[in-house]
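Please read the structure below before turning to the comments.
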Amino acid sequence: MTQNKRTFSLELFPPQTPEGAAKLRAARARMAALKPRFFSVTFGAGGSTRDRTLETVLEIQQEGYQAAPHLSCIGSTRESIRSILEQYRANGIRHLVALRGDLPSGMARPGAFRYANELVEFIRAETGDCFHIEVAAYPEYHPQAKNPQDDLQSFKRKLDAGANSAITQYFYNFDAYAHFIDECQAIGIDLPIVPGIMPIAGYSSLARFSDTCGAEIPRWIRKKLESYGDDNASIRAFGLDVVTGLCERLLANGAPGLHFYTLNQDALTAALWQRLRLS
Ligand code: FAD
């Protein structure tokens, strides 16, 4: 696949404070120079960031870039999702990342939607082909999946419901992605599945988050990162080498693009972008 047919995109989260918004604006200006295909903006489960996600997405659009809001459905009513879709449609948004999300602790009721395939079905029923819909994929399987086979079928249900493409949970193990793609192809899935890439900025929070979301940090990487202790420069240098190597392998083996989890920081993503010559 040629480089310009591939999709390179960046993920942001909506800032919580005016200072955070100003910092993100500055970081985004630097990220925009990389010319990503789109910026996606996360959405807090239960609608907790609804207004901030919308504000961030509208700012990105006003700056002249394509924005793809995430939309998670757990804990939501049909009316609330309908009104969010209407707001996006009225503002010219044509690209969504549709998710189930996770119930915030203390919220017992799942709401009108139990799984992301039901959200995708609802979006298609309400808005036809208005939106390009991305869904989440899990090369190392979703942590709540009963077994890999069921998880794969759940993934297929989201695509059968009308999703156009997928972005994966991050991973550091190339073989997990390659195996997942083989499994998808074996059951007739041929839509683009873009690897999600998490730059390595530190160790302890990455290790905690990876445990929660079911992303494996291979032992050799974990051991090396642990050995650097508080030496953040070494962690970042080693992380850049590891993640560059992973991305090179993914692209050499036909991955349809890369989606970077920037955590609103531009430096590591920009360094990866340059090393991979994506501009
Ligand atoms: P689903 O596809 O519904 O799957 C969830 C689990 O249910 C899986 O274990 C699946 O196997 C199982 N399942 C699905 N259908 C069925 C069924 N019919 N019967 C039984 N089991 C079933 N979270 C946020 O809150 N906000 C975000 O902005 C956000 N962005 C994300 C972006 C990406 C690219 C990724 C990979 C994840 C993101 N997440 C986000 C996290 C995501 O919400 C969680 O991983 C969540 O737990 C699952 O969401 P999903 O859409 O993958 O769910």
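Here the sequence shown stands for residues 1 to 279, where the numbers follow full-length UniProt numbering. Positions of the beta carbon are idealized from the N, C-alpha and C atoms, including for glycine. Note that the structure is a prediction, hence the values are computed from the model and not measured.
Secondary structure of residue i, DSSP reduced to three states
{"i": "Gln62", "result": "helix"}
{"i": "Ala255", "result": "coil"}
{"i": "Pro18", "result": "helix"}
{"i": "Thr127", "result": "helix"}
{"i": "Ser40", "result": "strand"}
Assigned exposure category for residue i - 16 Cβ within 10 Å defines buried
{"i": "Glu79", "result": "exposed"}
{"i": "Tyr273", "result": "The sequence shown places Trp at residue 273, not Tyr. Burial call: buried."}
{"i": "Ala166", "result": "buried"}
{"i": "residue 281", "result": "The structure shown does not extend to residue 281, since the chain spans only 1 to 279, so no value can be given for it."}
{"i": "Glu86", "result": "exposed"}
{"i": "Gly196", "result": "buried"}
{"i": "Arg208", "result": "exposed"}
{"i": "residue 289", "result": "In the structure as shown, the chain begins at 1 and stops at 279. Residue 289 is therefore absent and cannot be evaluated."}
{"i": "Asp175", "result": "exposed"}
{"i": "Ala68", "result": "buried"}
Separation of residue j from residue i, as counted between CA atoms
{"i": "Lys35", "j": "Gly229", "result": "35 Å"}
{"i": "Gln153", "j": "Pro18", "result": "42 Å"}
{"i": "Gly92", "j": "Val57", "result": "11 Å"}
{"i": "Leu276", "j": "Ala22", "result": "29 Å"}
{"i": "Gln66", "j": "Cys184", "result": "28 Å"}
{"i": "Glu140", "j": "Asp151", "result": "10 Å"}
{"i": "Ser72", "j": "Ser234", "result": "36 Å"}
{"i": "Gly111", "j": "Ser83", "result": "15 Å"}
{"i": "Ile60", "j": "Leu99", "result": "21 Å"}
{"i": "Ile200", "j": "Arg236", "result": "6 Å"}
Cβ distance (whole Å) where residue i is taken to contact residue j below 8 Å
{"i": "Tyr172", "j": "Val242", "result": "7 Å"}
{"i": "Phe8", "j": "Asn264", "result": "Actually they are not in contact, since the Cβ atoms of Phe8 and Asn264 sit about 18 Å apart, beyond 8 Å."}
{"i": "Asn164", "j": "His132", "result": "5 Å"}
heavy atom of ligand 2 below 7 Å from residue i C-beta
{"i": "Asn117", "result": "No copy of ligand 2 appears in this structure; the ligands present are ligand 1."}
query: Can you find at least 3 beta carbon pairs, one from the stretch 244-258 and one from the stretch 208-224, that sit closer than 8 Å?
result: They do not touch, by the three-pair rule.
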